[in-house]
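Numbering (our numbering), first residue to last: 4 to 330. In this text, a Cβ means the ideal position worked out from N, Cα and C, and glycines have one as well. Every value quoted in this text rests on a predicted model; they were computed, and no experiment measured them.
Structure (structure tokens):
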């Protein structure tokens, strides 16, 4: 029989940059040497001693960051002890496999992207984002400091915390595979060649050749989606047209927004359907016309993708469950 899991507090953490270097090079000495060698080689034509000095400074920053992050995690774990629930460590690479069904609260120790990634798997369990290094992390999704955590978690467990609901995006392929997005989906080619597909929205459809499609949530509307607007506005201003402002989409809105990147007009591709909304009962469907290299990934994590090649149909819609961020 398997061990029955008891109600718990999940503590989500991520490896630091130093941890990544140690996993690759084995020791601090080896990692420092590789960084110094790479910098020295790059600037060897100038014989610049500053190259080694800068590399040393960079490595000291990695060490400092690692020490601060480890101290924050240790402090947080200690503060969570004694709240009535066991604290279960959840490393970033285990999030997708962790069973959150018995979790009462999720504490995420920054950076911001770790909160977005966790939200896709935690369901409607309250997520508490902690900023372990305010001088390094923007903290948009990390409203709490390390000193706050015991009080905030206690309030959350008692149901007295304020929460911000976040609408997620959902994609399901014709073979049953699915994926969620906190910020956005990218649909296109894994390289920089054109993406080919048929786009269906409402009772209309078009064949496209483009740089791909972005499907954005309200939370992601200030990210990749806004860059499309900024590009469009810049081109418009250059041509003497009136600028438009990026949309301000509430995070809990019951809609997603999709845009086509750089659509190309040809005898076999159209450019009329370049932006729209996804609402209940109005999904977006894409049918791949790419023999190879077609992918769908969410929140900028290119290594975690769904294959989207010829014959595959992807349906994008609003996820059934909203995330809950404690604020």
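Taking the alpha-carbon positions, what's the residue i to residue j distance?
{"i": "residue 101", "j": "residue 14", "result": "11 Å"}
{"i": "residue 203", "j": "residue 143", "result": "34 Å"}
{"i": "residue 22", "j": "residue 164", "result": "34 Å"}
{"i": "residue 43", "j": "residue 138", "result": "29 Å"}
{"i": "residue 38", "j": "residue 302", "result": "29 Å"}
{"i": "residue 145", "j": "residue 72", "result": "14 Å"}
{"i": "residue 80", "j": "residue 299", "result": "36 Å"}
{"i": "residue 98", "j": "residue 185", "result": "15 Å"}
{"i": "residue 331", "j": "residue 327", "result": "Since the first and last residues shown for the chain are 4 and 330, residue 331 lies out of range."}
{"i": "residue 95", "j": "residue 119", "result": "12 Å"}
{"i": "residue 323", "j": "residue 255", "result": "12 Å"}
{"i": "residue 210", "j": "residue 263", "result": "12 Å"}
{"i": "residue 29", "j": "residue 18", "result": "15 Å"}
{"i": "residue 170", "j": "residue 41", "result": "44 Å"}
{"i": "residue 325", "j": "residue 109", "result": "15 Å"}
{"i": "residue 250", "j": "residue 229", "result": "8 Å"}
{"i": "residue 32", "j": "residue 70", "result": "17 Å"}
{"i": "residue 199", "j": "residue 275", "result": "15 Å"}
{"i": "residue 12", "j": "residue 84", "result": "10 Å"}
{"i": "residue 66", "j": "residue 272", "result": "52 Å"}
{"i": "residue 261", "j": "residue 147", "result": "32 Å"}
{"i": "residue 156", "j": "residue 183", "result": "26 Å"}
{"i": "residue 90", "j": "residue 10", "result": "9 Å"}
{"i": "residue 34", "j": "residue 26", "result": "10 Å"}
{"i": "residue 244", "j": "residue 134", "result": "42 Å"}
{"i": "residue 92", "j": "residue 115", "result": "18 Å"}
{"i": "residue 82", "j": "residue 124", "result": "25 Å"}
{"i": "residue 141", "j": "residue 227", "result": "17 Å"}
{"i": "residue 207", "j": "residue 307", "result": "31 Å"}
{"i": "residue 189", "j": "residue 321", "result": "16 Å"}
{"i": "residue 201", "j": "residue 180", "result": "19 Å"}
{"i": "residue 212", "j": "residue 305", "result": "21 Å"}
{"i": "residue 74", "j": "residue 111", "result": "15 Å"}
{"i": "residue 284", "j": "residue 241", "result": "39 Å"}
{"i": "residue 257", "j": "residue 269", "result": "35 Å"}
Thinking residue i and residue j are a contact (beta carbons under 8 Å), I'd like their distance in whole angstroms, please.
{"i": "residue 393", "j": "residue 8", "result": "Absent from the model: residue 393. The displayed extent of the chain is 4 to 330, so no value can be given."}
{"i": "residue 220", "j": "residue 178", "result": "With a Cβ gap of about 24 Å, residue 220 and residue 178 do not count as contacting."}
{"i": "residue 174", "j": "residue 319", "result": "5 Å"}
{"i": "residue 20", "j": "residue 63", "result": "In fact, because the Cβ distance is near 12 Å, the residues do not count as touching under 8 Å."}
{"i": "residue 214", "j": "residue 239", "result": "No, residue 214 and residue 239 are not in contact; Cβ-Cβ is about 19 Å, not under 8 Å."}
{"i": "residue 103", "j": "residue 130", "result": "About 10 Å; that fails the 8 Å criterion."}
{"i": "residue 132", "j": "residue 113", "result": "7 Å"}
{"i": "residue 296", "j": "residue 194", "result": "6 Å"}
{"i": "residue 252", "j": "residue 232", "result": "About 12 Å separates the two Cβ atoms, so there is no contact after all."}
{"i": "residue 330", "j": "residue 168", "result": "So it is not a contact: roughly 10 Å between Cβ atoms."}
{"i": "residue 16", "j": "residue 76", "result": "6 Å"}
{"i": "residue 259", "j": "residue 205", "result": "Not really, about 14 Å apart at Cβ, beyond 8 Å."}
{"i": "residue 197", "j": "residue 311", "result": "So it is not a contact: roughly 14 Å between Cβ atoms."}
{"i": "residue 117", "j": "residue 309", "result": "At roughly 22 Å, the Cβ-Cβ gap does not stay under 8 Å, so residue 117 and residue 309 are not in contact."}
Taking the beta strand (DSSP E) that residue i belongs to, which residues open and close that run?
{"i": "residue 261", "result": "259-263"}
{"i": "residue 211", "result": "207-213"}
{"i": "residue 300", "result": "297-301"}
{"i": "residue 327", "result": "326-329"}
{"i": "residue 270", "result": "It is not in any beta strand (DSSP E) - residue 270 carries neither H nor E in the DSSP assignment."}
{"i": "residue 280", "result": "278-281"}
{"i": "residue 11", "result": "11-16"}
{"i": "residue 321", "result": "316-321"}
{"i": "residue 291", "result": "287-291"}
{"i": "residue 217", "result": "216-219"}
What are the start and end residues of the alpha helix (DSSP H) that includes residue i?
{"i": "residue 234", "result": "227-241"}
{"i": "residue 29", "result": "Element bounds for residue 29: n/a, residue is neither H nor E."}
Touch test, the segment 151-163 against the segment 270-287, Cβ-Cβ under 8 Å, three pairs minimum:
The answer is no - the segment 270-287 does not touch the segment 151-163, with fewer than three Cβ pairs under 8 Å.
- prompt: Which full runs of the alpha helix (DSSP H) of 4+ residues lie inside the segment 100-139, going along the chain?
  reply: Counting only unbroken stretches of 4 or more residues, the alpha helix (DSSP H) elements lying wholly within the segment 100-139 are 115-122, in sequence order.
*Which runs of the beta strand (DSSP E) spanning at least 3 residues fall entirely within the segment 126-201, listed in chain order?*
For secondary structure counted as the beta strand (DSSP E) over 3 or more consecutive residues, the segment 126-201 holds these complete runs in sequence order: 129-134, 166-169, 172-176, 181-184, 187-192.
| What residue ranges within the segment 66-96 form continuous alpha helix (DSSP H) runs of no fewer than 4 residues, ordered along the chain? | The segment 66-96 is shown to contain no whole alpha helix (DSSP H) run of 4 or more residues.
| task | Mind the definition here: the segment 304-324 touches the segment 283-290 only if three or more C-beta pairs lie below 8 Å; say whether that holds. | result | Verdict: yes, contact present.
- Can we say the segment 210-228 touches the segment 154-162, given the rule of at least three CB pairs closer than 8 Å? Put simply, the segment 210-228 does not touch the segment 154-162. Fewer than three CB pairs are less than 8 Å apart.
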